[in-house]
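If you're matching positions, the sequence shown starts at 1 in full-length UniProt numbering and goes up one per residue.
Notes for the one structure printed next.
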Amino acid sequence: GEVLKHLNKFYKRKEIQRLGVENGLDARLFHQAFISFRKYIMESSSVSADLHIILNDICCGFVFLGHVDDLFPFFLRHARQIFPMLDCMDDLRKISDLRLPPNWYPDARAIQRKIIFHAGPTNSGKTYHAIQRFLSAKSGIYCGPLKLLAHEIFQKSNDANVPCDLVTGEERVFANEDARQAPHVACTIEMCSTNTPYEVAVIDEIQMIRDPARGWAWTRALLGLCAEEIHVCGEPAAIDLVTELMYTTGEEVEVRNYKRLTPLTVLDYPLESLDNLRPGDCIVCFSKNDIYSVSRQIEARGLECAVIYGSLPPGTKLEQAKKFNDPDDPCKILVATDAIGMGLNLCIRRIIFNSIVKPTVNEKGEKEIDSITTSQALQIAGRAGRFGSSFKQGEVTAMHRDDLVRLREILGEAVPPVRAAGLHPTPEQIEMFAYHLPDATLSNLIDIFVSLSQVDGMYFVCNIDDFKFIADMIQHIPLNLRSRYVFCTAPLNRKEPFVCTTLLKFARQFSRNEPLTFDWLCRHTKWPLAAPKNIKELIHLEAVHDVFDLYLWLSYRFLDMFPDAVLVRDIQKKLDDIIQIGVCNITKLIRASQSAAAPGTAEAVPEDFPLSKDARVVSGTQGAASTEALSIAVEAAGLRRARSSRPPRLGSRQEDLKSYGRGSLANRLLREGLLTQEMLRQLESEWQDQHRNGRYGIGSKRDDQHSSKETRKKRK
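Put into C-alpha cells, the structure is as follows:
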C-alpha cells in the first residue's frame, strides 16, 4: 500500500510530467508508461537492486536518502523499453511533420498554375463546363471519385475523337491500339499522376477533400497535379478552404458560380402510399430491408422497378439505370440508395425519401443511426429533373408526413463549410519510421506516426482503421515492408469475411513466391457460379465480384505474382451478367429467402444493413465461405478482433427514433427498417402464446434466448 501511494504521488507531480515531455512522453505516452511501470514494480519478482533500495528509502520516510523524484531515471528507462521510439524521437517528429504538404510536390511548385473553381449544386452544368475545357486542351487529366465517372469521361472523350486512356485501381484501357499513352486520361482520383505534365486537370467533387477515409486523395491532386490549369468542381462549401490552401502555394483561385439548370420543388404532401407512385419516381432507402420491402410491395401492385445500391458491380448499376431510363421499357420506378447521388445519369421525375435517417460510422468506428446531412439530402434530391432528360423539372418529397417536415428543414439549412483537408502517411515516411523502429509492426508504426504527426488547422490525418485492420490481419505473414504496405492499401471491405479470407490467402501465397493463377482463383471462388436462388447467394456473388476486383488491383502492383488479369477480367464480366439476372429477379429472391428463413426473420441477411460499398456487411451464414472465414479468423488475430466489432450505440438510435418517428413504436421500427412485418407477426404470436400460458415473458429463458439471438444478429 505504501509503495502504491508513493507511485501515485510520483505520477501526479508536475515536475515529473514536465520531465516526461522533455524526454518525448506526451500526456498519453506518459500515462501508458506509468501504468506499465507501476505494474512492473507491483507484480514483478525481479525488481533491480538499486530500484529496490530507492523504493525502500522512500517508503521508510528517509527524506535525505530518498524522494519520489528519484524514481524518474528508472521510470524513463522502463518507458524507453516499451516505447523504443523515445530514443529517436526528434528524427521521428521530423519525419511525421505534416505541416507543409505543398512542399511534397516540387514539380507542381515549379510552375504557376491557374485554379478555376466551378461551384454549384447538382445539375448546374459545373462539371460540363470543366470537361469542355478538358476536351479542347492539348493534354488533360480527369480525376473523379468513382470508376463510373472516370469511365463516362473516357467514353465521352473518345466519342468526341479526343484519344483518352482510362486508369482505375483495377483497370488500364488505352485509347491507342499500340498501347501508347494518350495525351488525355480519365482516372479515379487515387490513381492520378503528380509527375506527368498536363495542360488541363479536372478535379471532380472537391468537397470530398473532407472525407474521413479518402480525403487525402483530393488533397494530393489539388496540391500536386502538374497542370497549367486546374479546374475544380464541387459544392460552394469548399470554396474558402480551397482558396486558403492555394494561398499557401501562392496561387489565386477564380470562382465561377453556377445555378441549377432546371427547377426543383419540395412538394407540400408526402407520398404516404405506394399506390400513389407515378412513372419516373425514385424511392431512396437507407437500409437493405427497406430496399427488399419496397421493391416487393411495388411488384405486388403489378409494377416493375429497377434496383440500384452501392454493393452492385458498376455494370449492373448501368444496366439497371438503362432499364429505368428506357422509355420503351415497362420499368418506370426506381428503388435505390444514395448510390444514385453521383456517377449515374438517370431520368427521374420525383425523388421520394423512404426515410431521412441512415446508418453511419462515427470517428470511433461505431455504427450509428443518424439523420442525413444537408449536403447528402441536396445531392440526392438534385437527381430529380436532370437537365436534358424527359422531365423538365424535379420534385422531392418523403414517404411520411413528419419526415417531410424534417426534410424541408434539412434542405433549407446552409451546407457547413468544408474546414480541413485530409492527409495520409506515404510509403516513404513509413519506411523511414521502420528504419528507426525495426521491431515495430506496421500497425504500430502507423499508430506511432499518427500520434506524433503535426498538422496545421487546414489539415487532418485521415482515418486509418482499414489500413490497420489489414496490417493486423497479415502481420503473421512474412512480407517485406513495401509489399506489406501495398497489401494494406488494397480496396477491402473488412466486413466481408469471404473477401478477407481471400486477401489472407493471396498474401500467404505471395510470401511463398507462388503466383496466384487463374486456375487457383477459380478453385477458390468455385467458378463457374450459377445465378442466385435467394438473397444470401446474391450477396455472396457480390463478394466474389469484390474478390476479382482485389485480384485485378493487386495484378497492377505485382504483375508477376498475379499474372492472369485478362482472364479474371473476362470472368468478372460474366459474373456481372449473372448478378444482373439476380437483381432483375430480386423480388423472387426475396420470396425464396423468406420461405427459407427461420421463424421470426424475414430475410436471410442482417438487419439494418448499410448498402454503401465502404460499409457493406455479408451474412454470417454463408455455408462453406463462412466456415472458411471462421477457420482463418482463428489464425489471424486481426481478423478475429475486427469481426467482434463494437455494437451500435443504442442511445444514439433511440434518440433518432424519438426525434424522427411518430406514432406507435412498431410503426416507427417498421419504417426505419429495424423490424419487418414477418417479425412483427411472429412477436405478436409469441406474446399471445405466453399470455395464454400465464407467462408474460419478462425475464423468461425463452425471451433471454430470443433477445441474445437478435443482439448477435445486429452485431454481425
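Every residue gets a Cβ at the ideal spot worked out from N, C-alpha and C, and that includes glycine.
Inset, instruction - Kindly indicate which three-state DSSP category Gly315 falls into: helix, strand or coil? - result: helix
Inset, instruction - Could you pull out every residue in the same chain whose Cβ sits closer than 6 Å to the Cβ of Arg99, ignoring the five residues on either side in sequence? - result: Gln454, Asp456
Legend entry - Beta-carbon contacts of Ala490 that lie in its chain and below 8 Å, excluding the five residues immediately before and after: Ile470, Leu503, Leu550, Trp553, Leu554
Inset, instruction - Rank Pro270, Phe548, Ser44 by C-alpha distance to the C-alpha of Asp402 and give the top, closest one. - result: Pro270
Legend entry - Nearest neighbour of Leu303, chosen from Lys323, Arg494, Ile333, Val284 [CA to CA]: Ile333
Inset, instruction - Would you mind sorting Glu2 into buried or exposed? The rule is 16 or more other CB atoms within 10 Å of its CB. - result: exposed
Inset, instruction - Pick out whichever of Met191, Ala227, His78, Asp465 has its Cα sitting closest to the Cα of Thr113. - result: For clarity, residue 113 is Arg in the given sequence; the question names Thr instead. Checking every option, the nearest Cα to that of Arg113 belongs to Ala227.
Inset, instruction - Assign Lys468 to one of two classes, buried (16 or more other C-beta atoms within 10 Å of its C-beta) or exposed (fewer than that). - result: buried
Inset, instruction - Name the two residues that bound the continuous beta strand (DSSP E) containing Tyr11. - result: Note, Tyr11: premise wrong, no beta strand (DSSP E); alpha helix (DSSP H) at 2-12.
Inset, instruction - Could you pull out every residue in the same chain whose Cβ sits closer than 7 Å to the Cβ of Met191, ignoring the five residues on either side in sequence? - result: Val167, Thr168, Gly169
Inset, instruction - Would you list the one or two residues that DSSP bridges to Glu496? - result: Bridge partners of Glu496: none, in fact.
Inset, instruction - Note down the Cα distance separating Met399 from Arg349, rounded to an integer number of angstroms. - result: 15 Å
Inset, instruction - Give the DSSP-derived three-state secondary structure of Ala213 in the structure shown. - result: coil
Legend entry - Where Arg172 falls: helix, strand or coil (DSSP): strand
Legend entry - Separation of Phe433 from Gly582, as counted between CA atoms: 48 Å
Legend entry - Close beta carbons around Ala507, own chain, < 6 Å, minus the five adjacent residues each side: Ile474, Ile477, Phe487
Inset, instruction - Using beta-carbon positions only, say whether Met458 and Leu516 come within less than 8 Å of one another. - result: no
Inset, instruction - Enumerate in chain order the residues of its own chain whose CB-to-CB distance from Cys462 is below 7 Å, with the five nearest sequence positions on each side excluded. - result: Pro212, Ala213, Gly215, Trp216, Gly422, Leu423, His424
Legend entry - Spatial distance of Phe34 from Ile430 (CA atoms): 27 Å
Legend entry - the segment 227-247 touching the segment 129-145, judged by at least three CB pairs closer than 8 Å: yes
Legend entry - Close beta carbons around Tyr11, own chain, < 6 Å, minus the five adjacent residues each side: Phe34
Inset, instruction - Pick out the complete alpha helix (DSSP H) segments inside the segment 473-543, 4 residues or longer, and give them in chain order. - result: 481-488, 497-511, 518-525
Legend entry - C-alpha gap between Lys358 and Ala179, whole angstroms: 44 Å
Legend entry - Of the residues Ile308, Gln376, Arg494, Phe154, the one placed nearest Asp465, counting alpha carbons only: Arg494
Inset, instruction - Go through the segment 314-348 residue by residue and report every complete run of the alpha helix (DSSP H) that reaches 4 residues or more, in order. - result: 314-325
Inset, instruction - Have a look at Val544 and Leu589 and give me their C-alpha separation to the nearest angstrom. - result: 18 Å
Legend entry - Identity of the residue in Thr374, Tyr309, Gln379, Ala306 nearest Gly341 by Cα: Gln379
Inset, instruction - Tell me whether Gln594 sits in a helix, a strand or coil according to DSSP, three-state version. - result: helix
Inset, instruction - Would you please state the rounded distance, in angstroms, between the beta carbons of Val396 and Ala381? I believe it to be under 8 Å. - result: 4 Å
Inset, instruction - Please determine if the segment 24-38 and the segment 73-88 are in contact, where contact requires at least 3 C-beta pairs separated by less than 8 Å. - result: yes
Legend entry - Distance, Thr265 Cα to Phe387 Cα: 15 Å
Legend entry - Delimiting residues of the beta strand (DSSP E) encompassing Gly582: Unbroken run through Gly582 is the alpha helix (DSSP H), 565-584; no beta strand (DSSP E).
Legend entry - Of the listed residues Ser48, Lys9, Pro84, Ser44, nearest to Ile58 (C-alpha basis): Lys9
Legend entry - Euclidean distance between Cα positions of Ile53 and Arg557: 58 Å
Legend entry - Cα-Cα separation between residue 717 and Asn257, rounded to whole angstroms: Absent from the structure is residue 717, since the part of the chain shown begins at 1 and ends at 716.
Inset, instruction - Consider the Cβ of Phe548: report whether some Cβ of chain C lies at a distance smaller than 8 Å. - result: Reference to chain C is not applicable here, since this structure consists of a single protein chain.
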